[in-house]
Each structure stands twice: as C-alpha cells, then as structure tokens.
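Student:
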Amino acid sequence: EQLFVGDQVLRVTARSEEQIALLGVLGKREELQVDFWRHPVSPSHPADLRVPFPSLQAVKNFLDSHNFSYSIMIEDVQELLDEEKESMRRSRR
Amino acid sequence: IKRSSSTFDFASYHTLDEIYDWMDVLVEDHPNLVSKIQIGQSYEKRPLYVLKFSTGGWNRPAIWLDTGIHSREWITQATGVWTANKIAEEYGQDRSVTAILDSMDIFLEIVTNPDGFAFTHSSNRLWRKTRSINAGSRCVGVDPNRNWDAGFGEAGASGNSCSETYHGPYPNSEPEVKSIVDFVKSHGNIKAFVSIHSYSQLLLYPYGYTETPVPDQQELHEVSAKAVAALSSLYGTKYKYGSIITTIYRASGGTIDWTYNQGIKYSFTFELRDTGRYGFLLPAKQIVPTAEETWLALKVIMEHTRDNMY
C-alpha cells in the first residue's frame, strides 16, 4: 500500500503566462514526482500540486525563487486518508 | 431480512464490491424500472456494469451518464450511486423524472474504471488511470479520458506512459473506453451524454481538442447556464461553464468530443465540487450535498433533451 505521509497539496496561483510555463517545467521534472490535481491554466485559475514529502523542500524553494504566491491546501495527505478510511470502517460496522 | 437499496449508507464511500452488490439490490427493489447490463470487461477482467432505467419500448431515445472514469475521483462514483437511487425513487413521484422516463431510457455507468477504483482501495488511493500494462514501460495505465477517437494524440494529451494524461497506444486501446464506444454505436439512439468528473466546479461542453466552436455552441452554452443556475440554487456552489478548451485547457482524445462527433448533441462533462479545498479527498459528509446539487443540473440537461428531441 502506498503511503502519503508528509505529502502536501499546494495551491499555487500563477501571476503571468511566464509563471504558468514555469509550473509546466516543474511538472516535467520527473524526479520530483509532482502530481498536478488541478493544472495551471490561466493566471486567474489556481493550480493544485500534490508534492511528495521528499520533494517538498525543492518544490518550495523553486516556488519561492520564482516569486510564486502559494498556500498549503492539505498539510498531510495521509492524515486525510486515515480519516477517510476510519469513516468507511465505521460506516461498514 | 430482505436487502433494501434505501438502507444503504449514501453518505459514505464504498468499495467496488459494495457498489456492485448494491446495484443488484436496486434492481431487486425496482424490477420494472431498473436492470443491469454488462457492456464488457475491464483490462483486469472485472465486469463493466451499466444500470438501465426504462419503462418499456424498444430502443427509445436515451440519456447516458457515467461516473468514475478517473478512479481517484471518489465523489463521482458516490454521486453515481446516489443518483441511481434518486432516479429509481423519483419515477412515479416526481413529474419531471416520470415524464423523462416515460419517453426515454437512462443508462448510468457508476464505476467506469473498476480496475483503477479497486486499486484506489487496495494500493494507491490517488490512482487516476486504467491499470493496463504499457509495453516497454515501467509505468502502468492510460488516461481513459484521452483515449477516445477525437483528436487522439494531438496536443492536450501526453505520449509519455508515465504521465497522468497518457493517451495510450491507439484510440480505444482501453477496454473500459472501447466498451462504451461499442455500446453507444450499437444503441444508435443516445441523445445526451454526460460524463462526470471532479473537482473544479465546472460544467463543460465540446470541444477540448480544437478551438473551433461546435455548431451547437450557443444552445449548449444556454443549457449550461440554466443547469449551473439550478445547481447553485441549492447551496450556492459556484460553477463556471463553457467549452473545455476555453474554460480549462486543451485536452485531446476526450470522451465528450467523441460523443459530440458521433452526433450526440447534448454532450457535457461535469467537474464536481470541492468547496472544502480537499481535492480528491472530499469528506464523506459532502457526498449527499454534492449529489443533490448535481442532480438539479442533471435534471435541467435531461429535461432539455426530452423537450428538444432531434
């Protein structure tokens, strides 16, 4: 079973077409394994990125260095998955 | 104790087996309205089931609904279950639903990608694609919403088998897609096709693979506006609407581009809610509100189809 301990989902708002292109570059860096839940489309449309824990520092550095504004949408994906699993277990009982 | 479709916990997420069992109970509870059809089997040999809601007649004009083609979008399969129950319960009670079913059939595929869905329960909650093995690649699966024969392989899909938007080796390579294609073609009288995804709060119509507007753009736009207004009236959920390419992004090989090109004018795709900023982990307590608001929009589309037969 794949665990997502420490993975975060970042909501990133690109301010320009150039920043959208930069997010595309981030997505192509396979070693970071960024999972785009919502793709960058236009400056008005936020992108949601699930970032594996080992890549968090690198991704945040990338965003900071290119002056992206972003927030942490989900602090720890595994915590939510555990809650979901518990809720299903209770329901089944 | 007799099983009952109405004692099912609609406010919880369920496994594939639980959903498939529940479908049988729904059929048992409404034998004169609901039947279960197997339209094919998945890559891993799981049955692909479609619920048929019909009050009789032969090859009546029909409405197709599907949920769960992207397996991790659990709110969609849950909405599909709730919607199936709603259709069954409303027939004979709600004037609009009764009128629709008195002249048309409804087909609903709740788990369009069962292999992916089972995988989200057993191994990787965030799996999106099918589970087919890609020759010569360590990466598994094809994006079934890039695998249709409409601008297949063009910009807006990936040729990299490791990508979440990998289009696959050729159109309809995925049995989950091919089974629907065969069903739609052999039926020949489907008038509306609604494919339900999550999460961006959008109602979209073709095209995704080209900027060329569809000939019916104005009508589809007006129907979308009406459907979104109905949806938002319940909980104030904000939806945007428009063509795929102008509203989100270029996407080639998509489901409703193919259905539209097959002559199914009322082709739409939903992106259901995430008002709670939870993405694909939408809390179970939001299942019923999401399904309720989506139902209002679906009814607008179904009513419009019934009243504007072509």
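Line by line, the protein sequences are chains A and B.
Count along the first sequence starting at 1, add 156, and that's the number in my numbering.
Count along the second sequence starting at 1, add 2, and that's the number in my numbering.
Beta carbons: idealized from backbone N, C-alpha and C, even for Gly.
1) Determine the chain A residues that contact Asn126 (chain B) at a beta-carbon separation under 7 Å, and present them in chain order.
2) Do you know how far the Cα of Phe12 (chain B) is from the Cα of Lys301 (chain B)?
3) With a 10 Å radius around its C-beta and 16 neighbouring C-beta atoms as the bar for buried, classify Leu128 (chain B) as buried or exposed.
4) Just the chain A side, please: which residues come within less than 8 Å of Ile250 (chain B) by C-beta, in chain order?
5) In chain order, what residues of the same chain have a beta carbon less than 7 Å from the beta carbon of Phe10 (chain B), not counting five sequence neighbours either side?
6) Might you give, ordered along the chain, the residues of its own chain that have their beta carbon closer than 7 Å to the beta carbon of Leu237 (chain A), omitting 5 neighbours on each side?
7) Compute the distance between the beta-carbons of Asp204 (chain A) and Arg171 (chain A), then report whether it is under 9 Å.
8) Could you work out which residue in B:Ile108, B:Thr249, B:Asn263 and B:Gly155 is closest to Ile39 (chain B) when comparing CA atoms only?
9) Which whole runs of the beta strand (DSSP E) in the region 129-206 of chain B are 3 residues long or more, in chain order?
10) Just tell me which of A:Val181, A:Gln164 and A:Asp163 has its CA closest to the CA of His222 (chain A).
11) Can you tell me whether Tyr93 (chain B) is buried or exposed? The criterion is at least 16 other CB atoms within 10 Å of its CB, across all chains shown.
12) With distances taken between CB atoms, is the gap from Ile198 (chain B) to Leu103 (chain B) smaller than 9 Å?
13) Going by Cα to Cα distance, which pick from B:Arg48, B:Phe195, B:Gly59 and B:Asn136 is closest to Asp259 (chain B)?
14) Quick one: is Trp1 (chain B) buried, meaning 16 or more other Cβ sit within 10 Å of its Cβ, or exposed?
15) Show which residues of chain A have a CB atom less than 8 Å away from the CB atom of Leu283 (chain B).
16) Do the CB positions of Pro146 (chain B) and Leu50 (chain B) come within less than 9 Å of each other?
17) Can you look up Ile250 (chain B) in the DSSP assignment and give me helix, strand or coil?
18) Can you say whether Asn191 (chain B) is buried or exposed, counting buried as having 16 or more other CB atoms within 10 angstroms of its CB?
19) By alpha-carbon positions, which one of B:Thr17, B:Val52, B:Ser6 and B:Gly278 ends up nearest to Asp31 (chain B)?
20) At 4 residues or longer, and completely inside the region 186-244 of chain A: list those alpha helix (DSSP H) runs for me, N to C.
21) With a threshold of 16 other CB atoms inside 10 Å of the CB of Gly143 (chain B), please say whether the residue is buried or exposed.
22) What does DSSP give as the partner residues of Thr169 (chain A) in its beta bridges?
Tutor: The structure says:
1) Those are Gln158, listed as they occur along chain A.
2) Taking the straight line joining both Cα atoms gives about 20 Å.
3) Classification of Leu128 (chain B): buried, given that the 10 Å Cβ count is 16 or more.
4) Going along chain A in sequence order, the residues near Ile250 (chain B) (Cβ under 8 Å) are His195, Val197 and His201.
5) These residues qualify, in order along the chain: Trp24.
6) These residues qualify, in order along the chain: Phe160.
7) No, these two residues do not count as a Cβ contact at 9 Å.
8) Considering only alpha carbons, the answer is B:Ile108.
9) Whole beta strand (DSSP E) segments, 3+ residues: 192-200.
10) With distances taken between Cα atoms, His222 (chain A) lies closest to A:Val181.
11) Its Cβ being crowded by 16 or more others within 10 Å, Tyr93 (chain B) is buried.
12) Not in contact: Ile198 (chain B) and Leu103 (chain B) (Cβ atoms no closer than 9 Å).
13) Taking only the C-alpha atoms, the option nearest Asp259 (chain B) is B:Phe195.
14) Because residue 1 (chain B) is not part of the residues shown, which for chain B are 3 to 312, the question remains open.
15) Those within 8 Å of Leu283 (chain B) in chain A are Ile230, Val233, Leu236, Leu237 and Glu240.
16) Their beta carbons are not under 9 Å apart, which means Pro146 (chain B) does not touch Leu50 (chain B) by this criterion.
17) Reduced to three states, the DSSP call for Ile250 (chain B) is coil.
18) Its Cβ having fewer than 16 others within 10 Å, Asn191 (chain B) is exposed.
19) Distances from the CA of Asp31 (chain B) to each of B:Thr17, B:Val52, B:Ser6 and B:Gly278 were compared; the closest alpha carbon is that of B:Ser6.
20) Counting whole runs of 4 or more residues, the region 186-244 of chain A contains the alpha helix (DSSP H) stretches 212-221.
21) So Gly143 (chain B) counts as buried.
22) In the DSSP secondary-structure assignment, Thr169 (chain A) is bridged to A:Ser225.
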